[in-house]
Amino acid sequence: MAILPLDVVDAIVDTLARSEDDPSLPATKACSLACYEYSVICRKRIFAHIVVNQRTSQYTPPPKFGWQHRSTTTTLHELLHKSPEIINHIRSLDYNRPADFLLTDDISQDLELFAETLVKLTRLESFGLRCFGFEWNDTPSLRPGLLHILQLPTLIDLYVEGVKGFCLGELALPRNLQEFGFDGLELTSDCPQGLRDAQIKLRRLDLGPYSSPAIVQMCDHICTNGQRFIDLTTVEELTIRWFYSSDAAASYYLLSHCESLTSLRYFNSDTPDPSGMSFDSLSEMLALSTATKTLKYLEIDTIYKRDMSEDIYHGFAKALLKLANNNVIEEIKIAIFIQMMSDCDRGDEWGTLDTALASGFRNLRLCSVTVGFIQDSPVVSGLEEALMNVRETQFPKLSSNRDVLFEFVLQKENRSYSVS
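Position one of the sequence shown corresponds to residue 9 (the numbering used here), numbered consecutively onward.
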């Protein structure tokens, strides 16, 4: 909850104290002052992060309702026109457009309005462009706005998704960029002349399922000064969502060069490609890299499991043992999401996982294990009932370790609860 500055509180209290003796200073003035100051604080919070979403729909409301579908871009444009002071409060902006919207008649006007909005922003710190099929160099109406954003000295976080023809050299325009994420990005070497071609140093890198070809291309690019375009040695936080066998080389390359890595988040879907990336293969790469000397936070998130009969955490203990005793990891989070009616009664690796976590990570201070059900049900399944007691039956070492805060969580849809 926002708190008024002390000088404002003092002014209000002083005004209220004198209002009974001085009719010219009624209590309503103090209330007005409080409301005004609080509204400023509210604006800073409310408009700090703006999300522009556009959804196409075949449904047209009947005229009797007196309203029609309006683009959120139009709404934002009109809002900033009527209340320009809001511009100074915007710190983060996400622009989301589905692929089918690019085929509608509204796209041209929408992009022009959005470009007019972008050039007004002067204090933006984070910008996200999620627009599948969007041509980076073939949208003249929006390009001035994009270049304006990229050259803002305040911009430190950039995320680009589904964009074609992205000019690699323009990624060097934001001189203070620290965090960069992308997915489904197609690069081009056909860039305007005079672009700054210099190495960029990132603190955080966030890579989507279809990003490995682009990140390899970026890392292989050599600047005019002989340096690599992206300096991976400064990356401290890495998030990867890779499932395919073709992603293995990129994974090994990143882990081999991220010398300052302290946080690794790995998302896996158990996998569209049977021979593809897995936590087992990733842990083997990690064990061979220098990241084991710096990594303190490890998160593994498996969002789907094809074999609904095997042990939920089949293979996790084996993968973690590859990192055992040769690490400085302080926090581990493991989450897996399965179908509600799964049996998961084949195999018995829960106890093995407990041993791997309790004995192989000497610096461990926090461990969280989560089982989530993809499809909710009002009926408690046999698996859910069995999981109620899994903390004591399958994790005795972690549960009794006073040096480690251990948490076992069951999650159903949007609800989660710890199992004590």
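Glycine included, C-beta positions come from ideal geometry on N, C-alpha and C.
Contact check, Lys209 vs Asp239 under 8 Å by CB: the rounded distance?
-> 5 Å
Please say whether Ser376 and Lys420 have beta carbons closer to each other than 8 Å?
-> In this structure, Ser376 does not lie closer than 8 Å to Lys420 by Cβ.
May I have a chain-ordered list of the beta strand (DSSP E) segments no shorter than 3 residues that lie completely inside the stretch 228-252?
-> 245-248
Could you check which residue in Arg211, Ile344, Gln235, Met293 has the C-alpha nearest to that of Ser268?
-> Of all alpha-carbon atoms in Arg211, Ile344, Gln235, Met293, the one lying nearest the alpha-carbon of Ser268 is that of Arg211.
Do Val379 and Ile344 have their C-beta atoms closer together than 8 Å?
-> yes
Helix, strand or coil at Phe403 according to DSSP, with G and I counted as helix = Correct three-state label for Phe403: coil.
In whole angstroms, what separates the C-alpha of Ile382 from that of Leu193?
-> In a straight line, the C-alpha of Ile382 is about 29 Å away from that of Leu193.
Distance, Cα to Cα, Leu290 vs Tyr305?
-> 15 Å
Expected contact under 8 Å - CB spacing of Phe237 and Leu185 to nearest Å | No, Phe237 and Leu185 are not in contact; Cβ-Cβ is about 12 Å, not under 8 Å.
Less than 8 Å between the CB atoms is what I'm expecting for Phe251 and Ser220, so what's the real figure, rounded?
-> Contact flag wrong, Cβ pair sits at about 10 Å.
Got a sec, what are the start and stop residues for the alpha helix (DSSP H) Phe55 sits in?
-> Unbroken run through Phe55: none, as it is neither H nor E.
Determine, using beta carbons only, whether Asp191 and Tyr218 come nearer to each other than 8 Å.
-> yes
When the Cα atoms are used, what is the spatial distance from Leu406 to Ile223?
-> Between Leu406 and Ile223, the C-alpha separation is close to 38 Å.
Where His89 falls, given that 16 or more other Cβ within 10 Å makes a residue buried = Classification of His89: exposed, given that the 10 Å Cβ count is below 16.
Rounded separation between Tyr67 and Thr247 - CA only | Confidence in Tyr67 is poor, its pLDDT being 38 and thus under 50, which makes the residue's placement unreliable; the coordinate value appears in the next sentence. For Tyr67 and Thr247, the distance between alpha carbons rounds to 38 Å.
Along the alpha helix (DSSP H) that carries Leu119, what are the first and last residues, could you check?
-> 115-126
Under a three-way DSSP split, which group does Thr300 fall into?
-> It is helical.
Beta carbon of Pro132 nearer than 8 Å to that of Ile157 | Note that residue 132 is Leu in the sequence shown, not Pro. In contact: Leu132 and Ile157 (Cβ atoms closer than 8 Å).
Find out if the Cβ-Cβ distance for the pair Gln333, Thr300 is shorter than 8 Å.
-> Per the sequence shown, the amino acid found at residue 333 is Asn instead of Gln. Against a cut-off of 8 Å, the Cβ pair of Thr300 and Asn333 comes out as no contact.
With a CB to CB cut of under 6 Å and the five nearest residues on each side skipped, what residues in its chain are close to Trp75?
-> Low local confidence applies: a pLDDT of 37 at Trp75 is under 50, so the model's placement there is unreliable, and no value is given.
Straight-line gap, Leu101 to Leu126 (C-alpha atoms, nearest Å) | 9 Å
Kindly give me the distance between the Cβ atoms of Leu2 and Thr81, rounded to whole angstroms, as I take these residues to be in contact under 8 Å.
-> Here the chain comprises residues numbered 9 to 428, so residue 2 is not present and cannot be evaluated.
Let me know the secondary structure DSSP gives Gly136 once reduced to three states.
-> strand
With a CB to CB cut of under 7 Å and the five nearest residues on each side skipped, what residues in its chain are close to Ser259?
-> Ile248, Trp250, Met285, Leu290, Met293
Candidates Leu418, Asn371, Leu372, Phe174: which alpha carbon is nearest Glu392's?
-> Leu418
Glu267 - containing alpha helix (DSSP H), residue span | Looking at the DSSP string, Glu267 is not in any alpha helix (DSSP H), and its letter there is neither H nor E.
Where Gly141 and Gly170 are concerned, what is the direct C-alpha to C-alpha distance, given to the nearest angstrom?
-> Going by the C-alpha atoms only, they are around 6 Å apart.
Measure the alpha-carbon distance for Ser253 versus Tyr167 and round it to whole angstroms.
-> 25 Å
DSSP three-state call for Arg99: helix, strand or coil?
-> coil
Do you know offhand how far Ala56's Cα is from Val48's?
-> 12 Å
Based on the DSSP secondary-structure assignment, which residues constitute the bridge partners of Leu160?
-> DSSP lists no partner for Leu160.
Expressed to the nearest angstrom, what Euclidean distance is found between the alpha-carbon atoms of Leu331 and Asn371?
-> 13 Å
Does DSSP put Ala343 in a helix, a strand or coil?
-> strand
Candidates Arg273, Asp255, Pro92, Glu245: closest to Cys266 by CA position | Glu245
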